[in-house]
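Residue numbers (the working numbering), protein chains in the order written: chain A, 105 to 307; chain B, 105 to 307. Virtual Cβ for every residue (Gly too), placed ideally from N, Cα, C. None of these values were measured; they are calculated from a predicted model.
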């Protein structure tokens with residue numbers, strides 16, 4: 105729990121549920137499988153994967169394909185054979201707090217977190233479904249080590265596969281301007297120890 | 105380094121460089137700023153952010169907008185004021201190993217990792233540029249706690265904002281079939297301790 109808190113910043117029901125889902129995925133993969141993971145949501149679940157498996161967003165062994173479902177797939181990175189685990193709504197009837205959380209029947213502040221965590225633990229692996237999957241060959245191909253180019257507009261280095269101009273300069277949405285803003289000094293004598301605190305963040 | 109290894113699975117130059125970029129972002133934000141982060145690449149850099157700040161993919165304080173540039177933005181989550189940090193190619197001329205790595209002048213196996221890490225540390229914060237940015241108001245809006253629906257096709261719960269049918273069933277690409285595959289048992293007596301090992305994974 106303290107690991108979850110230090111990483112995800114708060115212990116969320118979704119990360120705990122993710123722990124059970126990952127446990128089930130492990131149990132249903134042949135031992136020694138070298139696996140990659142796909143998360144079908146970007147909310148909470150990816151953090152359980154990043155904490156409990158070697159797969160992270162940055163090392164590219166975890167991919168998020170956000171179709172808004174609370175599901176994940178573990179699969180052999182060479183054969184594509186694997187399992188998909190999801191939370192089954194029929195099975196949460198017996199667990200009112202899980203149902204309330206999963207179906208968003210109450211605002212978060214009104215949920216009884218202690219009962220919710222208790223029910224998730226008590227339900228154990230009984231509220232999930234595991235299905236065999238086979239990931240498409242094309243998706244398994246090792247990403248080539250792409251060459252880079254200089255963007256003639258922003259003068260930054262980018263992956264050449266994106267075209268002659270980097271995606272940010274050719275119109276892909278970024279919520280800020282970059283490239284022509286006034287530069288700050290590279291170094292300002294602000295000690296990182298005095299840097300921003302996240303103690304009071306709320307949301 | 106051992107923290108990086110346990111999370112990102114290997115100590116990568118990109119994560120170390122990310123560490124310096126984050127240090128610069130912290131120094132150039134007012135103390136006590138409650139910040140969110142945008143990464144302009146999904147390679148390596150997000151893991152540095154997830155290790156060294158409270159912002160993760162799963163808690164939604166880190167967002168990846170992949171325009172293929174090695175850059176990140178830290179910004180006040182309420183005002184949008186912040187800084188963007190990127191690696192500047194003009195400044196790496198003096199650091200041949202960094203240049204070789206960044207511009208991909210040699211295959212990874214032929215890079216001199218020890219010299220590369222040494223140069224990254226020696227270059228310190230001198231190879232980056234920090235620019236002021238202001239993130240668009242629309243992007244700062246708190247994500248509403250979206251209601252969920254049952255998908256009439258896969259019978260799974262999904263975020264209602266996606267329409268009447270979940271994105272996976274309405275055609276969004278997933279590299280495997282789901283919903284109609286043969287179910288595995290929910291529980292198989294395979295101890296997680298005997299589960300897959302990642303010791304021998306290589307890429």
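For residue i, I'd like the list of residues in its chain whose CB is within less than 8 Å of its CB, leaving aside the five on either flank, ordered along the chain.
i: residue 285(B); result: Legend: pLDDT at residue 285(B) = 39, less than 50; position of this residue unreliable, value from coordinates given subsequently. Counting only Cβ-Cβ distances below 8 Å, and skipping sequence neighbours, we find nothing.
i: residue 215(B); result: 201, 204, 205
i: residue 308(A); result: Residue numbering for chain A in the displayed model covers 105 to 307; residue 308(A) lies beyond these limits and cannot be assessed.
i: residue 278(B); result: 272
i: residue 264(A); result: 250, 251, 252, 253
i: residue 267(A); result: 274
i: residue 282(B); result: 258, 272
Looking only at its own chain, which residues have a Cβ that is under 7 Å from the Cβ of residue i, when we skip the five neighbours before and after it?
i: residue 191(A); result: 121, 174, 206, 231, 232
i: residue 219(A); result: 201
i: residue 133(B); result: 139, 178, 186, 187
i: residue 196(B); result: 202, 203, 206, 231
i: residue 143(B); result: 149, 150, 153, 166, 168, 176
i: residue 123(A); result: 152, 156
i: residue 270(B); result: 255, 258, 260, 262
i: residue 118(A); result: 147, 148, 149
i: residue 112(A); result: 119, 151
i: residue 236(B); result: 187
i: residue 137(B); result: 180
i: residue 229(A); result: 124, 127, 128
i: residue 210(B); result: 204
i: residue 158(A); result: 165
i: residue 172(B); result: 145
For residue i, return the contacting residues in chain B, with the cut-off set at a CB-CB distance below 7 Å.
i: residue 263(A); result: 172
i: residue 104(A); result: Summary: the structure shown does not reach residue 104(A), with chain A confined to residues 105 through 307, and so no result is reported for it.
Name, please, each residue of chain B whose Cβ falls closer than 8 Å to the Cβ of residue i.
i: residue 147(A); result: 162, 164
Measuring from the CB of residue i, is there a heavy atom of the ligand FAD at a distance below 8 Å?
i: residue 229(A); result: Looking at this structure, you won't find the ligand FAD or any other ligand, since it has none at all.
Using a cut-off of 7 Å between C-beta atoms, extract the partners of residue i located in chain A.
i: residue 226(B); result: Per Cβ cutoff of 7 Å: no residues; residue 226(B) is ~15 Å from chain A at best.
i: residue 251(B); result: 208
Starting from the beta carbon of residue i, find every residue of chain A whose beta carbon is closer than 8 Å, and list them in chain order.
i: residue 109(B); result: Chain A residues near residue 109(B): none, gap ~10 Å exceeds 8 Å.
i: residue 272(B); result: 144, 171, 173
Can you pull the chain A neighbours of residue i, defined as C-beta to C-beta under 9 Å?
i: residue 106(B); result: By Cβ distance, chain A contributes nothing, its closest Cβ being about 14 Å from residue 106(B), past 9 Å.
i: residue 150(B); result: 160, 161, 162
By the criterion of Cβ-Cβ separation under 9 Å, what are the contact partners of residue i in chain B?
i: residue 280(A); result: 142, 177, 179, 184, 186, 188, 237, 238, 239, 240, 243
Give me, in chain order, the residues of the same chain whose beta-carbon lies closer than 6 Å to that of residue i; leave out the 5 immediate sequence neighbours on both sides.
i: residue 47(A); result: The question about residue 47(A) has no answer here: the residues shown for chain A are numbered 105 through 307.
i: residue 249(B); result: none
i: residue 160(B); result: 154, 166
i: residue 199(A); result: 223, 227
Please list the residues of the region 196-222 of chain A that have a C-beta atom closer than 9 Å to any C-beta atom in chain B, keeping them in chain order. 206, 207, 208, 211, 212
Is the region 212-229 of chain B in contact with the region 238-256 of chain B, if contact means three or more CB pairs nearer than 8 Å? no
Report the start-end ranges of each beta strand (DSSP E) in the region 228-276 of chain A that is 3 residues or longer and not cut off at the edges. 232-238, 252-254, 261-263
Between the region 126-141 of chain A and chain B, which residues of the former have CB atoms less than 8 Å from a CB of the latter, in chain order? Within the region 126-141 of chain A, the residues whose Cβ lies closer than 8 Å to some Cβ of chain B are 127, 128, 130, 131, 132, 133, 134, 135, 136, 137, 138, 139, listed in chain order.
Using a Cβ-Cβ cutoff of 9 Å, what residues of the region 111-122 of chain B are near chain A? List them in chain order. Taking 9 Å as the cut-off between beta carbons, the residues of the region 111-122 of chain B near chain A are 111, 112, 113, 114, 116, 118, 119, 122, in sequence order.
Restricting to runs no shorter than 4 residues, where is the alpha helix (DSSP H) found entirely within the region 181-222 of chain B? If we require 4 residues or more, the alpha helix (DSSP H) runs fully inside the region 181-222 of chain B come out as 200-206.
Quick one: complete beta strand (DSSP E) runs, 3+ long, within the region 124-164 of chain B? 139-143
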